[in-house]
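Written out below as structure tokens is the structure these notes cover.
Numbering (the numbering used here), first residue to last: 49 to 420.
This is how it looks when you write it as structure tokens:
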């Protein structure tokens, strides 16, 4: 097989930052942006692979075998005004006294190893922030393709940027970066990013899975959790296809999650009955709220074929429920008794389920076996 520059870089080049080193203040926003990008990619034509924390916050390839195109996205939130050229090119001092990479320097450093390849580099910030550039076209910057930074800057600003990057990277990439480097303002506000992304999921399901009865919040949680798993997963040593499988989501994987959501969706009726029975049994509002908040996490784990620990603990809980059943029990008391029995099994507990998720597993299994 002939060598592929993009594949070799993605699978073997040293990583500037380990996948787990993500600051907590931007983690959720970054994942929500990636989720929105994933929905957009899936509604397009052709294949794609969206990769998490692999040489950049998010990267997108056109395929997982012999990629011909790559887009790298650096997502940074900012609650304190617009981004200026000075902020984007400033280099802080490290502990050892050496200068750390600037924001744009780190983003564009990959140009050295991807010369003459079809690659783009995009800096993304949140709605409510933006950029303070003289030539910025706000409409273009609000699109997923972004606006070319070369167009957004005045000639003097571009000359300044060109000099800063040349000093930092040791090479003048300005000719290529005129087409490759873009900036974008995500249409997701910093204070409402969860609600906005759930809304995008709802719109997607309405168009692509009508009458499937998939709850947008639970499918959103499924996608979010998958993105989080890909983010913290280490890059495997091997072929680019192995890297993409561990660190990315492609069209096939997304379709599999959607199909799984379709198959699990009928369980929503059982969950509705459970909530009604808990209410009629006089279970407190606080307890019901905790169970309701835990349900999306349960739903997400039910859909993951790779969550072997969850499936093993679930089997033990279901088995325990057969011994816990007695007459004149409330549903919650029955579930609590089953959980208590399961806890006595030394092989139980590897999945780390919350107390509420354990109760949900028992109650859902009972209702699916004995539908009312």
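A virtual CB, placed ideally from N, CA and C, is assigned to each residue, including glycine.
From the options, pick the residue whose C-alpha is nearest to that of residue i; which is it?
| i | options | result |
| --- | --- | --- |
| residue 211 | 188, 148, 158, 138 | 138 |
| residue 131 | 164, 82, 182 | 182 |
| residue 171 | 205, 357, 133 | 133 |
| residue 128 | 178, 205, 88, 106 | 178 |
| residue 64 | 108, 283, 241 | 283 |
| residue 164 | 53, 74, 90 | 53 |
| residue 278 | 271, 295, 290, 186 | 295 |
| residue 77 | 56, 208, 308, 105 | 105 |
| residue 341 | 362, 319, 356 | 319 |
| residue 57 | 91, 75, 117 | 117 |
List the whole-angstrom C-beta distance separating residue i from residue j, where the pair is believed to meet the contact cut-off of C-beta under 8 Å.
| i | j | result |
| --- | --- | --- |
| residue 9 | residue 266 | Given that the chain is displayed from residue 49 to residue 420, the structure contains no residue 9 and the question cannot be resolved. |
| residue 386 | residue 398 | Contact flag wrong, Cβ pair sits at about 18 Å. |
| residue 174 | residue 125 | 5 Å |
| residue 322 | residue 411 | 5 Å |
| residue 59 | residue 287 | 7 Å |
| residue 150 | residue 216 | 6 Å |
| residue 109 | residue 302 | About 15 Å; that fails the 8 Å criterion. |
| residue 337 | residue 96 | The pair is not a contact, with the Cβ atoms about 38 Å apart (cut-off 8 Å). |
| residue 230 | residue 276 | Not a contact, Cβ separation roughly 26 Å. |
| residue 256 | residue 80 | Not really, about 19 Å apart at Cβ, beyond 8 Å. |
| residue 396 | residue 403 | Between residue 403 and residue 396 the Cβ distance is about 13 Å, and since that is not below 8 Å, they are no contact. |
| residue 364 | residue 393 | 6 Å |
In the structure shown, what three-state DSSP assignment does residue i receive?
| i | result |
| --- | --- |
| residue 135 | helix |
| residue 275 | helix |
| residue 108 | strand |
| residue 144 | coil |
| residue 312 | helix |
| residue 201 | coil |
| residue 70 | Residue confidence is low: residue 70 scores 49 on pLDDT, short of 50, so the model does not pin down where it sits. Its coordinate-derived value is still stated next. Residue 70: coil per DSSP, three-state reduction. |
| residue 49 | Bear in mind that the predicted position of residue 49 carries a pLDDT of just 47, short of 50, making it unreliable; the figure below should be weighed with that in mind. Of the three classes helix, strand and coil, the one that applies to residue 49 here is coil, per DSSP. |
| residue 190 | coil |
| residue 331 | coil |
| residue 295 | helix |
| residue 414 | helix |
| residue 288 | helix |
| residue 238 | coil |
| residue 123 | strand |
Would residue i pass as a contact of residue j if the rule is Cβ separation under 8 Å?
| i | j | result |
| --- | --- | --- |
| residue 408 | residue 354 | no |
| residue 379 | residue 416 | no |
| residue 157 | residue 219 | no |
| residue 84 | residue 100 | no |
| residue 405 | residue 346 | yes |
| residue 232 | residue 202 | no |
| residue 152 | residue 213 | yes |
| residue 414 | residue 369 | yes |
| residue 235 | residue 189 | no |
| residue 120 | residue 169 | yes |
| residue 268 | residue 246 | yes |
| residue 351 | residue 305 | yes |
| residue 89 | residue 102 | no |
For chain B, is any of its Cβ atoms less than 8 Å away from the one on residue i?
| i | result |
| --- | --- |
| residue 102 | In the structure shown, chain B cannot be found, because there is only a single protein chain. |
Run the CB neighbour count on residue i, radius 10 Å, all protein chains shown included, and call it buried at 16 or more, exposed below.
| i | result |
| --- | --- |
| residue 227 | exposed |
| residue 155 | buried |
| residue 115 | buried |
| residue 251 | exposed |
| residue 194 | buried |
| residue 259 | exposed |
| residue 147 | exposed |
| residue 69 | Confidence is the limiting factor: at residue 69 the pLDDT is only 42, short of 50, which leaves the residue's position unreliable, though a coordinate-based value still follows. With fewer than 16 Cβ atoms within 10 Å of its Cβ, residue 69 is classed as exposed. |
| residue 333 | exposed |
Is residue i near the ligand FMN, going by C-beta to nearest heavy atom under 7 Å?
| i | result |
| --- | --- |
| residue 221 | This structure lacks the ligand FMN, and indeed carries no ligand of any kind. |
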